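Protein sequences, first through last, are from chains A and B.
All residue numbers for the first sequence refer to our numbering, where the first residue is 5 and numbers rise by one.
All residue numbers for the second sequence refer to our numbering, where the first residue is 5 and numbers rise by one.
Backbone N, C-alpha and C fix where the C-beta goes; we use that ideal spot for every residue, glycine too.
Given the structure is predicted, the values throughout are model-derived calculations rather than measurements.
First comes the structure, then the notes that go with it.
2 protein chains.
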Amino acid sequence: MRQRNPNKASVTIRDVAKSSGFSASTVSIVLNNAPLARYIPPQTKARIQRAAKTLGYRPNVFAKSLRSKRNHTVGVMVFDITDPYCTPIIRGIENALYQASYLPILADAHNERGRFERYLEMLLERRIEGLIVLANWLFLDINLLADIERGKIPTVIIGRELESDATSSVIVDDEAGAYSALSHLYGLGHRKIAFVRGPKALSSSRARWRGAQRFAKDTGLELDPRLIVDLPDQRNPNVGVDDACRMTEELLKRDRQFTALMAYDDMTAFGALRALARAGIKVPGNCSVVGFDDINPSQLFVPALTTIRQPMEAMGTAAVTIVNDAITAAAENRALPAVHRRLAAELVIRDSTRAIP
Amino acid sequence: MRQRNPNKASVTIRDVAKSSGFSASTVSIVLNNAPLARYIPPQTKARIQRAAKTLGYRPNVFAKSLRSKRNHTVGVMVFDITDPYCTPIIRGIENALYQASYLPILADAHNERGRFERYLEMLLERRIEGLIVLANWLFLDINLLADIERGKIPTVIIGRELESDATSSVIVDDEAGAYSALSHLYGLGHRKIAFVRGPKALSSSRARWRGAQRFAKDTGLELDPRLIVDLPDQRNPNVGVDDACRMTEELLKRDRQFTALMAYDDMTAFGALRALARAGIKVPGNCSVVGFDDINPSQLFVPALTTIRQPMEAMGTAAVTIVNDAITAAAENRALPAVHRRLAAELVIRDSTRAIP
DNA sequence: CTATTATAGCGAAACGTTTCAATAAAACAA
DNA sequence: TTGTTTTATTGAAACGTTTCGCTATAATAG
């Protein structure tokens, strides 16, 4: 049914050649502005361009890629796109890729290892030129690393630093962020401070706690172990808020006074806010609360949440820069060592914290 | 530098052929389980499979697509990925595409027409097999439609129904949703109800208002024009909350009693909640609030927001189903008329509404 | 006037597949 | 026996590009 000439779907470079009166080679050279285009007189160029335009010529990417081995495509592997933390990072990635004329292929692992692997396979088959992994949630096993390295594709991991530093990474300075969060509370006069820490398995959780400890040591602030609770090591980010609410209630039951609460992240803070509201404790009147991340809902909340902002869009941009450099390096056959960027987090003061009267 | 044989990058089908002792044709037939594979004895198949596996053969998608004109890729054009309304829909799309072994190419128009067009061009160049447009925010001009139809690619629009119904669509039943929202408030005994309506330019805003009017007519409820305000026709969804807050304050200044407020959407509701909190009005104690959409933050809010849930994930799935059907229809050269799906929205009762004492 | 170089363009090969048409052996029918 | 069908495999062409090497003319140098 679908013969060649009769209803030929798309116009090829040879059609342009025929129509303009030049050869396919010349057309290719002109249209790509290849080095040899230097020798081609403007008149010819113009004729070819015109022909291409009137025919509506659209080069076939597959044919192109088949020869050039390039396809201007980057894989973006997310662990859970539903996580509000993800979205601004994706925005940053998307925007930077757009500037560089790359297109992102999106893969969402749904926090499942098997899915991650299947997607990785699909992406490699597609011959993506680079890969950005957004490790926004737990358990990035060691051998996942092996999976990635097998691909020999320029890769950046956002939100996690791998043990072997062969793979580039972009992370935020959790420790310094937590340090400044606690410092903020301390500056407002708070001394009895409760902590809802993140799951122990998360490296970011450990780093943030280190920051808090460091601040405490630097200033002689005492961290009361009875005011510290931990979120369980579980994998479903959606119930994180419920967990946080529960842990905060647990904390309240201990019946130990505190005037401020530092949450592992904004989601945790939301849970804490709910628990406090239920207990009739006013925020920030009776208790200040500080979060971490500055995800989108935080500014909407009543009261708007004081938090440590991760520069998420910048993280996405940074990742693209790294991957882009790696791609061009590879194209020129130069080796390029892995890059590790650690971005600063920034305190954003809103309505959920207040000085002690 | 990069000669052919020496450091040949990837293993081709001919390598498998050589290694297994059969021809490239046979290898292709076996590996794709083509019709002719019927004649190939299991032994041969096994040998070929084994060779392919040990060599780590990965078929080159470009070469494949070059012949078959198929690439198992679908464009997903979003108008603003930052909008929390988007994420669950994207999740639905991604998941459904994954089931069908398609990969999504993500494009975010940032609400800019120029960017939309550039992306559309890039996607068409990529020969995407289908296109899903997520029109989550304003101004989808008529001629955008022309742009899309020019591509002759199976397309679905989510969140908007185009005037010419040549393009398939998936929308939610805004009118019925608003009807049930108002019905809920009415059922709780509310009679003095304020409205913060959406921008007039948005068709969904008009539809929701129609739903409210219909309910009012059906029950004889009186809609006081002095309790109705409109969000301005503007294009930045991020300041939507501020606008809503301002409009609600405007409403409060009018000094007319109301016991409930129906917001255009959840974002608007957040703004209203803020204004009410500032005015010292307790929700739901002194005033009930109902939103629309059920975006992620709504359940986190204190008080958790009563709202009309859009089945966003299902909308994404539905879009993929439509596009998938269209693609297979096109592959078989059958014409398929545009499909229009209207999904039901569902009332979710949480803590921001309460019966009148 | 001849040798060189710059300019202008083209033909053909190659990228890695899939598929059509052909071939050849084996199985079967007459 | 011969002729036909089924089974098993293959060579070659085609998909639409890009690029290498070649030719041919024009300009420049000696």
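According to DSSP, GLU116 (chain B) shares a beta bridge with no other residue. When the alpha-carbon of HIS344 (chain A) is set against those of A:HIS114, A:ASP177, A:GLY134 and A:ARG71, the nearest one is in A:ASP177. For the 7 angstroms CB-CB criterion, PHE66 (chain B) and SER32 (chain A) do not form a contact. Within the segment 108 to 127 of chain B, contact with chain A at the beta-carbon level (separation under 7 angstroms) is assigned to PRO108, ILE109, LEU110, ASP112 and MET126. Inside the segment 272 to 301 of chain A, DSSP marks no whole alpha helix (DSSP H) run of 4 or more residues. Burial check for GLN238 (chain B): the Cβ neighbour count within 10 Å stays below 16, so the residue is exposed. Taking the CA atoms as reference points, ALA220 (chain A) sits about 51 angstroms from GLN261 (chain B). Chain-ordered, the chain A residues with CB closer than 7 angstroms to the CB of ARG130 (chain B) read VAL65 and LEU107. When CB distances to chain A are screened at a threshold of 7 angstroms, the residues of the segment 274 to 295 of chain B falling below it are PHE274, LEU277, ARG278 and ALA281, in chain order.
As computed with DSSP, SER172 (chain A) is found in a beta bridge with A:VAL160. C-alpha of PRO236 (chain B) to C-alpha of ALA273 (chain B): approximately 15 angstroms in a straight line.
DSSP places HIS188 (chain B) within a helical segment (H, G or I) once states are collapsed to three. Cβ neighbours of LEU256 (chain B) within its own chain (closer than 6 angstroms, five residues either side excluded): ALA283.
Residue contact with chain A for LEU256 (chain B): absent (no Cβ-Cβ distance below 7 angstroms to any residue of chain A). A distance below 8 angstroms between beta-carbons, with the five flanking residues on each side excluded, links ARG218 (chain B) to the following residues of its chain, in chain order: GLU179 and TYR183. For ARG62 (chain B), the chain A residues whose C-beta falls within less than 8 angstroms of its own C-beta are LEU128 and GLU129, listed in chain order.
Residue pairing by DSSP places GLU350 (chain A) opposite A:ARG313 in a beta bridge.
About 6 angstroms separates the beta carbon of CYS291 (chain A) from that of THR263 (chain A), a gap short enough to meet the 8 angstroms contact definition.
Between ARG95 (chain B) and chain A, the shortest Cβ-Cβ separation is below 7 angstroms. Only buried fits GLN314 (chain B), as 16 or more other CB atoms lie within 10 angstroms of its CB. The beta carbons of ILE232 (chain B) and ARG201 (chain B) sit about 6 angstroms from each other, so the pair counts as a contact at 8 angstroms.
For GLU317 (chain A), the closest Cβ of chain B is not nearer than 7 angstroms.
In the three-state DSSP reduction, VAL306 (chain B) falls in the coil class, being neither helix nor strand. Between the beta-carbon of ASN75 (chain A) and that of GLU133 (chain A) there is about 7 angstroms, and that keeps the pair under the 8 angstroms contact cut. Per DSSP, ILE97 (chain A) lies in no beta strand (DSSP E); the unbroken alpha helix (DSSP H) holding it starts and ends at 90 to 103. Under DSSP, HIS76 (chain A) forms no beta bridge with any residue. Between the alpha carbons of ALA205 (chain B) and ASP269 (chain B) lies a distance of about 15 angstroms. The residue from A:ALA281, A:ALA330, A:HIS188 and A:GLU253 with its alpha-carbon nearest to that of ARG354 (chain A) is A:HIS188. The segment 80 to 95 of chain B makes contact with the segment 85 to 97 of chain A; the number of CB pairs closer than 8 angstroms reaches 3 or more.
Using a 10 angstroms sphere on the CB of TYR43 (chain B), the tally of other CB atoms stays under 16, which defines it as exposed.
Here the C-alpha atom of SER27 (chain A) lies approximately 11 angstroms from the C-alpha atom of THR48 (chain A).
Pairing LEU135 (chain A) with ILE157 (chain A) gives a Cβ-Cβ distance under 7 angstroms. Scanning A:GLU167, A:ALA55 and A:TYR123 for the CA closest to the CA of ALA342 (chain A) turns up A:GLU167. When the five nearest sequence neighbours on each side are left out, the beta carbons in the same chain lying within less than 6 angstroms of the beta carbon of ILE299 (chain A) are those of PRO88, TYR89 and ASP270, in order along the chain.
Per DSSP, reduced to three states, the secondary structure at PRO236 (chain B) is coil, with no helix or strand assignment. Closer than 7 angstroms to the CB of ILE353 (chain A) there is not a single CB belonging to chain B.
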